[in-house]
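The next block holds one structure in the form of structure tokens; read it before the comments.
Protein chains: 2
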Amino acid sequence: MIEDKNQQRTPLSALGEFGLIEHLTQNFKIKQTSTIKGIGDDAAVLNFDNKRVVISTDLLVEGVHFDLSYAPLKHLGYKSVVVNLSDIYAMNAKATQITVSIAVSNRFPLEALEALYDGIETAANIYNVDVIGGDTTSSTSGLLISVTAIGEVEAEQEVYRNGAKPNDLLVVSGDLGAAYMGLQVLEREKEVYKVNPNNQPDLEPYTYIIERQLKPEARKDIPKLLLELDVKPTAMIDVSDGLSSEIMHICKQSDVGCDLYEEKIPLDPQVISTCEEFNIDSTTVALNGGEDYELLFTIAQEDYPKIKANPNLTVIGYMKESKEGLHLVTRADTRIPIKSQGWKNFNE
Amino acid sequence: MIEDKNQQRTPLSALGEFGLIEHLTQNFKIKQTSTIKGIGDDAAVLNFDNKRVVISTDLLVEGVHFDLSYAPLKHLGYKSVVVNLSDIYAMNAKATQITVSIAVSNRFPLEALEALYDGIETAANIYNVDVIGGDTTSSTSGLLISVTAIGEVEAEQEVYRNGAKPNDLLVVSGDLGAAYMGLQVLEREKEVYKVNPNNQPDLEPYTYIIERQLKPEARKDIPKLLLELDVKPTAMIDVSDGLSSEIMHICKQSDVGCDLYEEKIPLDPQVISTCEEFNIDSTTVALNGGEDYELLFTIAQEDYPKIKANPNLTVIGYMKESKEGLHLVTRADTRIPIKSQGWKNFNE
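Protein sequence lines, in the order shown, are assigned to chains A and B.
At position 183 of the first sequence the residue is numbered 183 (full-length UniProt numbering), and the sequence of numbers has no breaks.
At position 246 of the second sequence the residue is numbered 246 (full-length UniProt numbering), and the sequence of numbers has no breaks.
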């Protein structure tokens with residue numbers, strides 16, 4: 001949150017559109033055998049042999065999805081890739097390529113875009129995906145990032161949202177609510193900074209939750225793990241809008257009901273302590289916070305022995321007949337209907 | 001340019017993000033056999049068997065790429081699809097799917113987005129492509145449209161920018177410069193309207209060039225025609241930034257030079273008459289105007305007899321050794337070096 005007034009500022013107009021794309025993508029290496037031709041022609045060319053191709057796309061808008069007063073551009077570039085790859089993994093697929101387009105106003109110097117693309121490149125390397133195209137244009141205000149992610153999957157391995165059956169178990173990877181609480185801490189520190197710019201915040205107690213907000217990871221490991229465990233989920237979705245919203249998607253598309261057990265919801269100790277500090281209910285945060293980028297899936301009960309010992313996976317619920325509805329079973333053993341709070345970003 | 005003050009205005013917040021996507025895409029039909037799963041899961045799923053997959057993406061930004069004071073939203077939706085499909089045809093491929101993401105501020109009512117999606121759907125139907133995904137989000141200002149186009153092509157049919165050889169012929173489809181001159185007319189009428197909103201402009205003499213600006217078409221027919229004529233271009237690109245810029249791309253990537261003949265450049269009579277009216281040189285417009293979405297390609301001389309009688313195609317130049325450079329050969333038989341003016345949208 002401390003601006004370096006001496007940083008170098010090269011205006012974007014010094015490069016022009018073609019020069020800018022070339023400059024920003026010159027280090028990007030092709031790693032996937034399915035990439036025949038990457039950046040540099042009218043379109044990229046890919047070859048998936050007989051595999052299924054999966055495609056997903058997301059927009060990230062400054063002032064809506066991120067706040068540059070605390071999101072470093074490198075982390076933002078990283079996150080913009082990760083949130084899209086998460087959708088590919090939610091199909092039980094392997095991510096192979098991305099396209100990245102940005103619209104940016106002239107208030108951003110070249111060095112800012114270099115930082116952004118540094119994060120994009122870092123994510124592309126860590127997740128082993130090729131950057132195969134994109135568009136770079138000016139905007140009248142702010143920064144917007146549009147990423148399309150492409151992946152491949154054997155036809156018999158793909159997992160949709162609509163295959164959950166009554167009696168299936170509901171499983172989630174990792175833990176929930178941390179990204180939301182990280183955002184609360186960052187928003188609070190931003191307000192403190194506005195009042196006193198010399199205040200140095202102690203963010204040490206919040207390192208995990210802040211990292212989950214600013215630099216989340218997608219669960220590339222889970223489709224691989226499931227294959228190793230010989231478990232094919234009956235339905236799968238990634239947790240981007242909050243657990244309750246994702247459960248509702250699976251239940252609606254699979255035409256099933258669900259009991260979700262409050263006591264089973266995996267929470268990091270930092271989430272619990274920060275929720276206490278902010279006087280927010282941690283279950284509400286897990287249900288409605290979002291941006292966890294964990295995978296939520298259902299499995300047949302017979303597969304339970306295969307996953308029960310795995311520290312990455314937690315059984316949090318039980319699928320029921322559609323007519324029984326969706327409920328949170330609380331620690332006090334009361335049943336509360338699950339409603340989506342989701343991310344409503346068109347509120348006026 | 002006349003606003004209907006009585007039009008219905010439903011605020012976007014009345015639907016929420018999920019409701020909005022569902023509402024806008026509910027009529028979209030799947031037409032391609034390669035589309036296994038369209039909108040409605042974490043990602044779309046496609047099956048191209050052994051064909052190559054081509055992917056291209058573009059951003060259109062309000063105030064940079066379009067002006068809603070004269071671009072009707074339905075036309076804008078149509079155009080945002082067409083400009084992306086053009087890149088797929090430039091690979092000599094068949095377009096099969098698109099994703100469409102929009103960021104939109106609350107000043108747009110639902111009815112505006114319905115008009116936009118009506119245009120998107122119309123284009124998808126006419127060009128026979130499936131809308132398989134997208135993202136809908138709010139923006140802090142204005143409208144932004146991000147389209148990713150997907151196509152398929154047999155490996156032996158794909159055409160890059162880098163295959164042109166000395167002695168090849170340079171060929172262009174259709175005519176050039178019309179979209180740019182249409183924009184000049186629209187910009188002039190906008191200024192007139194500002195001064196006198198009751199003035200009814202007579203746009204009859206400009207119907208073709210205005211349509212080329214507001215509702216351009218991509219050359220879906222050309223890859224098909226070339227296949228029928230048994231002509232495989234050695235290099236191909238679409239004319240989005242202007243003829244000179246596209247020639248430079250082919251020459252740079254193919255390591256060749258080029259003589260472009262001014263007298264051969266195909267111009268519509270409305271372009272010529274409007275250029276006279278605006279006192280602009282029509283060759284300059286064809287070279288630098290852009291947004292024509294015609295296909296520019298090179299062919300071996302031996303293929304000339306196959307294309308010479310076709311009214312869709314005009315031979316406009318001749319490829320040379322790289323060291324001979326790029327020149328416009330004028331009507332007065334002088335040689336002028338070709339320089340890109342292109343579309344520089346980062347000018348301050």
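Beta carbons: idealized from backbone N, C-alpha and C, even for Gly.
Starting from the Cα of B:VAL159, find the closest Cα among B:ILE210, B:PRO197, B:PRO223 and give me that residue. B:PRO223
Helix, strand or coil, according to DSSP, for B:VAL101 in the structure here? It is worth fixing the name first, because residue 101 of chain B is Ser in this sequence and not Val. Residue state, collapsed to three classes: strand.
Is the stretch 314-325 of chain A in contact with the stretch 163-174 of chain A, if contact means three or more CB pairs nearer than 8 Å? yes
Going along the stretch 158-171 of chain B in order, which residues come within less than 7 Å of chain A, judged by CB to CB distance? GLU158, TYR160, ARG161
Below 8 Å on the Cβ atoms is my contact criterion, and I expect A:GLU121 with A:PHE28 to pass it. Report the Cβ-Cβ distance as a whole number of Å. 6 Å
Measure the C-alpha to C-alpha separation of A:ASN142 and A:ALA103 and round it to an integer number of angstroms. It should be noted that the sequence gives Gly, not Asn, for residue 142 of chain A. Their backbone Cα atoms lie some 8 Å apart in a straight line.
Taking the beta strand (DSSP E) that B:PHE297 belongs to, which residues open and close that run? 295-299
When Cβ atoms are compared, which residues of the stretch 83-114 of chain A fall closer than 7 Å to chain B? ASP87, ILE88, ALA90, MET91, THR99, SER101, ALA103, ASN106
Short CB-CB distance (under 8 Å) between A:ASN47 and chain B: yes
Would B:ALA218 pass as a contact of B:VAL153 if the rule is Cβ separation under 8 Å? no
Pick helix, strand or coil for A:VAL271, following the three-state DSSP scheme. helix
Name the chain A residues that come within less than 9 Å of B:SER146, Cβ to Cβ? THR57, LEU59, SER101, ALA103, ASP135, LEU144, SER146, THR148
Since B:GLY77 and B:GLY134 should fall inside the 8 Å C-beta cutoff, what is the C-beta to C-beta distance between them, to a whole number of angstroms? That pair is no contact at about 12 Å.
Taking only beta-carbon atoms, is B:THR140 less than 8 Å away from chain A? yes
In chain B, which residues lie less than 9 Å from A:ILE247 when you measure between Cβ atoms? Here the premise fails: no neighbours, minimum Cβ distance about 14 Å.
Starting from the beta carbon of A:ASP221, find every residue of chain B whose beta carbon is closer than 7 Å, and list them in chain order. Residues of chain B passing the Cβ test: none, with the nearest at roughly 17 Å.
Run down chain A in chain order and give the residues with a C-beta less than 7 Å from the C-beta of B:LEU63. For the record, residue 63 of chain B in the displayed sequence is Gly; it is not Leu. Those within 7 Å of B:GLY63 in chain A are THR140.
Opposing strand residues paired with A:ARG335 [DSSP bridges]: A:VAL329
Within this structure, are the beta carbons of B:SER139 and B:SER105 separated by less than 8 Å? yes
Is it right to say A:LEU203 is buried, meaning 16 or more other beta carbons lie within 10 angstroms of its own, or is it exposed? exposed
Starting from the beta carbon of B:ILE237, find every residue of chain A whose beta carbon is closer than 7 Å, and list them in chain order. ASP42
Any Cβ of chain B within less than 8 Å of the Cβ of A:ARG52? yes
Determine the chain B residues that contact A:ILE36 at a beta-carbon separation under 7 Å, and present them in chain order. ARG52
Less than 8 Å between the C-beta atoms of A:ILE30 and A:ILE150, yes or no? no
Using the Cα positions of B:GLY325 and B:CYS251, report the straight-line distance between them to the nearest angstrom. 9 Å
Check the Cβ of B:ILE338 against every Cβ in chain A and list those closer than 8 Å, keeping chain order. Within chain A, no residue comes near B:ILE338; the closest Cβ sits about 15 Å away, beyond 8 Å.
Who are the near neighbours of B:HIS23 in its chain, counting only those whose CB is closer than 7 Å to its CB and skipping five residues on each side? LEU15
Does the beta carbon of B:ILE132 sit closer than 8 Å to a beta carbon anywhere in chain A? yes
B:GLU3, DSSP secondary structure in three states: No answer about B:GLU3 holds up, because its pLDDT of 46 lies below 50 and its placement is not dependable.
Exposed or buried, which one is B:VAL301 when buried takes at least 16 other CB atoms within 10 Å? Here residue 301 of chain B is Gln; the residue named in the question, Val, does not match the sequence. The residue is exposed, with fewer than 16 neighbouring Cβ atoms inside 10 Å.
In or out: B:ILE2 buried (at least 16 other Cβ within 10 Å) or exposed? Any answer about B:ILE2 is weak, because its pLDDT of 42 lies below 50 and its placement is not dependable; what the coordinates show is given next. Burial call: exposed.
Look at the Cβ atom of B:ILE209, then the Cβ atom of B:GLY182, and state whether they are nearer than 8 Å. yes
At the level of alpha carbons, what is the spacing between B:VAL82 and A:VAL192? 49 Å
Measure the CB-CB distance between A:ILE132 and A:THR35 and report whether it falls below 8 Å. yes
Can the beta-carbon of A:LEU260 be found less than 8 Å from the beta-carbon of A:ILE247? yes
Using a Cβ-Cβ cutoff of less than 6 Å, which residues in the same chain neighbour B:SER86 once the five nearest sequence positions on both sides are dropped? ALA218, ASP238, TYR293
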